[in-house]
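Colleague: There's a structure below that I have some questions on.
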Amino acid sequence: MTMSPRLRKFMLAVHLTSAVGWIGAATTYLTLVVVVLTNEDARTVRDAIGVMALIDWYVIIPMAIAAFITGLVLSLGTQWGLFRHYWVLFSLLLTVFGIFVLVEYSLTLREMAAVAANPTFSSSDLDFLKDPGHAVHNIGGLGLLLVVTVLNVYKPRGLTRYGWRKQQAARAAPAEQRLHGTAQSSQFFDTRGGSPQKITS
Amino acid sequence: MADDMRRQDPPAPDSIPYATPLWVKVFGTIVSVVILLFIILRFTVFADH
Chain G
72 MTMSPRLRKF MLAVHLTSAV GWIGAATTYL TLVVVVLTNE DARTVRDAIG
122 VMALIDWYVI IPMAIAAFIT GLVLSLGTQW GLFRHYWVLF SLLLTVFGIF
172 VLVEYSLTLR EMAAVAANPT FSSSDLDFLK DPGHAVHNIG GLGLLLVVTV
222 LNVYKPRGLT RYGWRKQQAA RAAPAEQRLH GTAQSSQFFD TRGGSPQKIT
272 S
Chain B
8 MADDMRRQDP PAPDSIPYAT PLWVKVFGTI VSVVILLFII LRFTVFADH
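As given, the protein sequences belong to chains G and B, one line each in that order. For the first sequence, the working numbering gives the first residue as 72, with consecutive numbering after it. For the second sequence, the working numbering gives the first residue as 8, with consecutive numbering after it.
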């Protein structure tokens with residue numbers, strides 16, 4: 072199923088907005104992670120954890136899910152397909168892995184936010200909040216997003232075995248038609264560079 | 008005429024062997040190692056977190 076150009080542009084706008092929002096929120100989050108890991112003032116750390124939990128649940132996770140869904144729609148609704156090109160497949164796998172780790176980390180962060188908001192806060196609780204895992208997850212997530220961005224911008228060539236079979240079938244079909252005199256033109260899908268173009272010769 | 012048209016046809020689907028691009032092999036190996044390493048560390052060293 073191929074989307075209309077107008078719908079494709081709209082989905083692309085939503086996809087870019089959510090993906091850029093995800094990266095932006097993750098970068099902002101890094102500032103708070105630095106505050107938590109370098110600060111010894113309990114009040115500051117507790118407040119920062121509270122803000123981190125809010126950003127995580129109400130910005131990062133919704134943006135990640137929106138980017139994932141719109142990415143799925145864009146690939147399935149265009150001739151790129153979901154399993155035809157390696158760069159699309161890698162983007163999908165990395166995004167799914169990233170969201171899985173993000174949700175798992177968010178559950179821990181929720182517990183931390185509850186501890187931070189607890190009036191009976193102790194020094195051992197402060198150690199619990201100053202977990203280096205914040206930095207590992209945040210920097211790892213930003214690295215993953217950077218890799219997916221590079222894949223999406225450069226779109227390195229490379230068809231999967233499934234995509235290759237599809238392309239071969241698409242090339243063979245017009246030849247069959249020509250041979251039997253049922254069509255005057257042949258159509259090929261040129262997958263070099265940008266989006267696949269239907270070439271009529 | 009039919010013979011001429013046959014000569015111009017693209018190769019049959021099975022005649023061109025499929026080859027996985029080099030960047031896919033390299034990148035796929037790196038991604039697999041990183042994900043496996045994460046899973047192993049997550050459920051061993053950092054199991055309590």
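Built from N, CA and C at the ideal position, the CB exists for glycine as well.
Please state whether the Cβ-Cβ distance between residue 166 of chain G and residue 73 of chain G is less than 8 Å.
Modeller: Locating residue 166 of chain G in the first sequence gives position 95, counting from the first residue. Locating residue 73 of chain G in the first sequence gives position 2, counting from the first residue. No; because the gap between Cβ atoms is not below 8 Å, this pair is not in contact.
Colleague: Less than 8 Å between CB atoms is the rule here; does residue 121 of chain G satisfy it with respect to chain B?
Modeller: The residue given as residue 121 of chain G occupies position 50 in the first sequence. Cβ-Cβ to chain B under 8 Å: no for residue 121 of chain G.
Colleague: Please tell me whether, using a cut-off of 7 Å, the distance from the CB of residue 106 of chain G to the nearest non-hydrogen atom of the ligand GTP is below it.
Modeller: Here there are no bound small molecules, and the ligand GTP is not part of this structure.
Colleague: With a 10 Å radius around its C-beta and 16 neighbouring C-beta atoms as the bar for buried, classify residue 39 of chain B as buried or exposed.
Modeller: Reading the second sequence from its first residue, position 32 is the one you call residue 39 of chain B. With fewer than 16 Cβ atoms within 10 Å of its Cβ, residue 39 of chain B is classed as exposed.
Colleague: Cα separation between residue 56 of chain G and residue 123 of chain G?
Modeller: Lying outside 72 to 272, the shown extent of chain G, residue 56 of chain G is not represented and no answer is given.
Colleague: Answer yes if the region 234-241 of chain G comes into contact with the region 149-164 of chain G, meaning at least three C-beta pairs across the two stretches below 8 Å, and no otherwise.
Modeller: In short, these stretches touch, since the Cβ pair count reaches three.
Colleague: Between residue 42 of chain B and chain G, is any beta-carbon pair separated by less than 8 Å?
Modeller: Locating residue 42 of chain B in the second sequence gives position 35, counting from the first residue. Closer than 8 Å to some Cβ of chain G, the Cβ of residue 42 of chain B qualifies, so yes.
Colleague: Kindly indicate which three-state DSSP category residue 45 of chain B falls into: helix, strand or coil?
Modeller: Counting from 1 along the second sequence, the entry for residue 45 of chain B is found at position 38. The answer is helix: DSSP assigns residue 45 of chain B an H, G or I state.
Colleague: Just mark residue 195 of chain G as buried or exposed, buried being the case when its beta carbon has 16 or more other beta carbons within 10 Å.
Modeller: Residue 195 of chain G sits at position 124 when you count from the first residue of the first sequence. Burial call: exposed.
Colleague: Given that residue 52 of chain B touches chain G, what residues does it touch there, using C-beta distances under 7 Å?
Modeller: Locating residue 52 of chain B in the second sequence gives position 45, where the first residue counts as 1. Correct list: empty, because the minimum Cβ distance to chain G is about 11 Å.
Colleague: What is the DSSP secondary structure of residue 153 of chain G, reduced to helix, strand or coil?
Modeller: Working through the first sequence from its first residue, we reach residue 153 of chain G at position 82. Residue 153 of chain G falls in the coil class under three-state DSSP.
Colleague: Between the C-alpha atoms of residue 220 of chain G and residue 190 of chain G, what's the straight-line distance to the nearest angstrom?
Modeller: Taking the first sequence and counting its residues from 1, one reaches residue 220 of chain G at position 149. Taking the first sequence and counting its residues from 1, one reaches residue 190 of chain G at position 119. Approximately 42 Å between the Cα atoms of the pair.
Colleague: Can you pull the chain A neighbours of residue 235 of chain G, defined as C-beta to C-beta under 7 Å?
Modeller: Looking for chain A here will not work: the only protein chains present are G and B.
Colleague: Using a cut-off of 8 Å between C-beta atoms, extract the partners of residue 227 of chain G located in chain B.
Modeller: Position 156 of the first sequence, counted from the start, is the residue given in the question as residue 227 of chain G. Within chain B, the residues near residue 227 of chain G are 28 and 30.
Colleague: First and last residue of the alpha helix (DSSP H) that includes residue 147 of chain G?
Modeller: By 1-based counting over the first sequence, the position of residue 147 of chain G is 76. Where residue 147 of chain G is concerned, the enclosing alpha helix (DSSP H) stretches over 132-147.
Colleague: Residues of chain G with CB closer than 9 Å to the CB of residue 38 of chain B, please, in chain order.
Modeller: Reading the second sequence from its first residue, position 31 is the one you call residue 38 of chain B. Result: 161, 164, 165, 168 and 218.
Colleague: Closer than 9 Å by beta-carbon distance: list the chain B residues that pair up with residue 129 of chain G, in chain order.
Modeller: Taking the first residue of the first sequence as 1, we reach residue 129 of chain G at position 58. Result: empty, since nearest Cβ-Cβ is about 23 Å, beyond 9 Å.
Colleague: Residue 145 of chain G to residue 198 of chain G, Cα distance in whole Å?
Modeller: For the purposes of this step, residue 145 of chain G is taken as the residue at position 74 of the first sequence. For the purposes of this step, residue 198 of chain G is taken as the residue at position 127 of the first sequence. Distance between the alpha carbons of residue 145 of chain G and residue 198 of chain G: 44 Å.
Colleague: Check whether the Cβ atoms of residue 126 of chain G and residue 200 of chain G sit closer than 8 Å, and answer yes or no.
Modeller: By 1-based counting over the first sequence, the position of residue 126 of chain G is 55. By 1-based counting over the first sequence, the position of residue 200 of chain G is 129. Going by C-beta atoms, residue 126 of chain G is not nearer than 8 Å to residue 200 of chain G.
Colleague: Leaving out the 5 sequence neighbours to the left and right, which residues in its chain are closer than 8 Å to residue 160 of chain G when beta-carbon positions are compared?
Modeller: Along the first sequence, read from residue 1 onward, the residue named residue 160 of chain G stands at position 89. Closer than 8 Å at Cβ, skipping near neighbours: 153, 154 and 231.
Colleague: When you compare the CB of residue 157 of chain G with every CB in chain B, is at least one pair closer than 8 Å?
Modeller: On the first sequence, position 86 is the one that residue 157 of chain G refers to. Closer than 8 Å to some Cβ of chain B, the Cβ of residue 157 of chain G qualifies, so yes.
Colleague: Distance check for residue 79 of chain G and residue 137 of chain G, CA to CA, integer angstroms please.
Modeller: Here residue 137 of chain G refers to the residue found at position 66 when the first sequence is read from its first residue. Here residue 79 of chain G refers to the residue found at position 8 when the first sequence is read from its first residue. Cα-Cα distance, rounded: 15 Å.
Colleague: In angstroms, rounded to a whole number, what distance separates the CA positions of residue 77 of chain G and residue 84 of chain G?
Modeller: On the first sequence, position 6 is the one that residue 77 of chain G refers to. On the first sequence, position 13 is the one that residue 84 of chain G refers to. Cα-Cα distance, rounded: 11 Å.
Colleague: Report the partner residues of residue 230 of chain G according to the DSSP bridge assignment.
Modeller: Here residue 230 of chain G corresponds to residue number 159 of the first sequence, with the count starting at 1. In DSSP, residue 230 of chain G forms a bridge with G/156.
Colleague: What does residue 232 of chain G touch in chain B if you count any residue whose Cβ is under 7 Å from its own?
Modeller: For this step, residue 232 of chain G is matched to residue 161 along the first sequence. Residues of chain B passing the Cβ test: 25.
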